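One structure below.
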Amino acid sequence: MAKIEWTPKDELAEKAPVIERIRKAGLDELIDWSLETYESAENRRRQKNTDWLKFIIYIGRTAYGDLLGFTQEEFFEQADKSLTAQLREKLFVHYILEEDTPFNLNVGIDLGTALEATLFGMDYVYPKSADPTYQKDPLLEELEDYKRLKLPDFYKSGWMPKAHRLYEELQEISKGRFDVYMPGWARGPWSMATILRGFNNCFIDYVDDEDMLADFLMFLADARICFEKQRLKFLGLSPDEKEYRWTYCSYRYNYNSDIFEDEVDGSLLSADMNRDIILPAQKKLSDFYGGCISYYHSCGDLTKLYKDIAALNIVKYQHISPLTFAAYKQIDQLLLPETVAQVSLNSVDVMSLGDETVIESRLREKLDALNGRKTEICADALFYGGQNLIENTMVWRNVFRRLKPEYMERNKR
Numbered sequence: 063m064a065k066i067e068w069t070p071k072d073e074l075a076e077k078a079p080v081i082e083r084i085r086k087a088g089l090d091e092l093i094d095w096s097l098e099t100y101e102s103a104e105n106r107r108r109q110k111n112t113d114w115l116k117f118i119i120y121i122g123r124t125a126y127g128d129l130l131g132f133t134q135e136e137f138f139e140q141a142d143k144s145l146t147a148q149l150r151e152k153l154f155v156h157y158i159l160e161e162d163t164p165f166n167l168n169v170g171i172d173l174g175t176a177l178e179a180t181l182f183g184m185d186y187v188y189p190k191s192a193d194p195t196y197q198k199d200p201l202l203e204e205l206e207d208y209k210r211l212k213l214p215d216f217y218k219s220g221w222m223p224k225a226h227r228l229y230e231e232l233q234e235i236s237k238g239r240f241d242v243y244m245p246g247w248a249r250g251p252w253s254m255a256t257i258l259r260g261f262n263n264c265f266i267d268y269v270d271d272e273d274m275l276a277d278f279l280m281f282l283a284d285a286r287i288c289f290e291k292q293r294l295k296f297l298g299l300s301p302d303e304k305e306y307r308w309t310y311c312s313y314r315y316n317y318n319s320d321i322f323e324d325e326v327d328g329s330l331l332s333a334d335m336n337r338d339i340i341l342p343a344q345k346k347l348s349d350f351y352g353g354c355i356s357y358y359h360s361c362g363d364l365t366k367l368y369k370d371i372a373a374l375n376i377v378k379y380q381h382i383s384p385l386t387f388a389a390y391k392q393i394d395q396l397l398l399p400e401t402v403a404q405v406s407l408n409s410v411d412v413m414s415l416g417d418e419t420v421i422e423s424r425l426r427e428k429l430d431a432l433n434g435r436k437t438e439i440c441a442d443a444l445f446y447g448g449q450n451l452i453e454n455t456m457v458w459r460n461v462f463r464r465l466k467p468e469y470m471e472r473n474k475r
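Sequential numbering of the sequence shown, starting at 63, is according to this note's numbering.
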């Protein structure tokens, strides 16, 4: 483990040969190195780490592409280059960032927020400075147009033929040495509605025809269930295996039953709208997965909505955005005892702040609210910044390490 008294510049200078090796190593060397790393004593230590408080860094693929030398098109079009990129990312996290993530042998390709949109016929693009995204214009000109949509085909719809090709090629290259994940459906019904119909249009629809909007969201829940049944059958799983993990957006590992609803935001939605229109469709998904979901994610403010959201029975992780964090103590009381709080830092702070006094203040604000619940403090949604970004995340990591013993002792459950 890196010495916390180092400055990031000192640490990166010391690790320069390792960084250069990660950047230059060919695929065969990266595979051997990854297998060796997985079996290492340091990785066994991270795997056995049962501390209730951890620090996680999630850097986006675009930032890693600039640092480690690959493009979005290469990542999504060529299996060998994609595997090369993924192993470089993993080794960089393990040897350079040295946060609390155990090294794993999971690989896979996912279009992120664009995947589900393609299943209904929307085009996707590869921006140079962001993850893949979908076409700007909504697919549905009128709300009732959703009735012409077809349920997705796991094999033929949208990006899925390419997903199957890449899945097979990654398996062939891996030769059983890595666990290759098939992309899954992450977006929630409201998120999908805003993608297909347009965010503003959905609010107008709520005023004009609340019942049809509710029916649209229920159709989107049915579409996900249809897709998921085919996917689980392909993988030899059942819906009850809701905790089978898969790769999402390259840097995040999620579960089948996760619901990503960044567009669910209490500053924009009323509690009644969430309860009457959105929650029933989410509840249908929860029922499909055996009466619970593994992870609920929203970067919005869930403060006034969370009492209803908690009824979905969230068993693994709850994302706590910077906007939601002000109500953390209230939400903590609604979470199941075993649920991990995934507390995200403000990404702008992480990318721009380097003063350790200010960083300590920001971290103490988070840590003072915790009462021993299993928690991951996450520096995430980091998509640009190059060398400065790496140095900044390491400053935050080092300050966290200095504070951690105090809070581990203070908040024993």
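Glycine residues also receive a C-beta, built at the ideal position from the N, C-alpha and C atoms.
Remember, it's a predicted structure, so these values are computed and weren't measured experimentally.
Across which residues does DSSP place residue i in a beta bridge pair?
i, result
"residue 316", "308"
"residue 175", "None; residue 175 has no bridge partner."
"residue 241", "168"
"residue 405", "382 and 439"
"residue 118", "440"
"residue 187", "195"
"residue 376", "355"
"residue 249", "322"
Just tell me which of the options has its CA closest to the CA of residue i.
i, options, result
"residue 175", "161, 193 and 168", "193"
"residue 327", "414, 363, 114 and 465", "363"
"residue 70", "373, 417, 287 and 445", "417"
"residue 342", "251, 376, 368 and 190", "251"
"residue 215", "413, 186, 246 and 274", "246"
"residue 109", "165, 212 and 92", "165"
"residue 391", "459, 434, 359 and 200", "434"
"residue 319", "184, 291 and 82", "291"
"residue 179", "211, 94 and 410", "211"
"residue 476", "107, 322 and 170", "Because residue 476 is not part of the residues shown, which for the chain are 63 to 475, the question remains open."
"residue 398", "413, 107 and 369", "369"
"residue 333", "351, 322 and 366", "366"
"residue 441", "406, 111 and 395", "406"
"residue 396", "412, 372, 294 and 415", "372"
"residue 167", "356, 316, 97 and 294", "97"
"residue 419", "389, 457 and 408", "457"
"residue 331", "352, 261, 351 and 297", "261"
"residue 72", "468, 460 and 467", "460"
"residue 106", "139, 68 and 162", "162"
"residue 224", "135, 451, 360 and 467", "135"
"residue 154", "177, 200, 112 and 87", "87"
"residue 294", "272, 351 and 410", "351"
"residue 451", "77, 415 and 275", "415"
Tell me which same chain residues have a C-beta within less than 8 angstroms of the C-beta of residue i, skipping the five on either side of it?
i, result
"residue 465", "422, 425, 426 and 429"
"residue 114", "434, 435, 436, 437, 470, 473 and 475"
"residue 354", "304, 319, 348, 374, 375, 376 and 377"
"residue 232", "141, 144, 145, 169, 170, 171, 240 and 242"
"residue 329", "362, 363 and 385"
"residue 455", "119, 121, 159, 412, 441 and 444"
"residue 297", "244 and 306"
"residue 408", "384 and 424"
For the putative contact between residue i and residue j, defined by C-beta atoms under 8 angstroms, what is the C-beta separation to the nearest angstrom?
i, j, result
"residue 121", "residue 438", "About 15 angstroms; that fails the 8 angstroms criterion."
"residue 308", "residue 254", "About 18 angstroms separates the two Cβ atoms, so there is no contact after all."
"residue 256", "residue 204", "With 8 angstroms as the limit, residue 256 and residue 204 do not qualify as a contact, their Cβ atoms being about 15 angstroms apart."
"residue 453", "residue 159", "About 11 angstroms; that fails the 8 angstroms criterion."
"residue 259", "residue 202", "5 angstroms"
"residue 197", "residue 185", "5 angstroms"
"residue 413", "residue 444", "6 angstroms"
"residue 181", "residue 220", "4 angstroms"
"residue 157", "residue 269", "That pair is no contact at about 54 angstroms."
"residue 249", "residue 322", "5 angstroms"
"residue 357", "residue 306", "The pair is not a contact, with the Cβ atoms about 13 angstroms apart (cut-off 8 angstroms)."
Is any non-hydrogen atom of the ligand NAD found closer than 7 angstroms to the C-beta of residue i, if you look at the structure I gave you?
i, result
"residue 286", "The ligand NAD is not part of the structure shown, which contains no ligands of any sort."
Ignore the nearest five residues each way along the sequence and tell me which others in residue i's own chain have a CB closer than 7 angstroms to its CB.
i, result
"residue 142", "89 and 235"
"residue 446", "124, 125 and 191"
"residue 128", "448"
"residue 302", "352"
"residue 133", "127"
What does a CB cutoff of less than 6 angstroms around residue i pick up in its chain, not counting 5 residues either side in sequence?
i, result
"residue 150", "84 and 130"
"residue 137", "144 and 147"
"residue 393", "368"
"residue 56", "Given that the chain is displayed from residue 63 to residue 475, the structure contains no residue 56 and the question cannot be resolved."
- Query: Any contact of the stretch 336-353 with the stretch 270-283, i.e. 3+ C-beta pairs under 8 angstroms?
  - Reply: yes
- Message: If contact is defined by three or more beta carbon pairs under 8 angstroms, each pair taking one atom from either stretch, is the stretch 232-249 in contact with the stretch 331-340?
- Response: Fewer than three pairs of CB atoms, one per stretch, sit closer than 8 angstroms, so the stretch 331-340 makes no contact with the stretch 232-249.
- Message: Under 8 angstroms: do the stretch 99-110 and the stretch 182-191 share three or more Cβ pairs, one atom per stretch?
- Response: no
- Task: Pair every Cβ in the stretch 282-298 with every Cβ in the stretch 346-357, then say whether three or more of these pairs are closer than 8 angstroms.
- Result: yes
- Message: Assess contact between the stretch 402-411 and the stretch 365-384, defined as three or more Cβ pairs (one per stretch) separated by less than 8 angstroms. Is contact present?
- Response: yes
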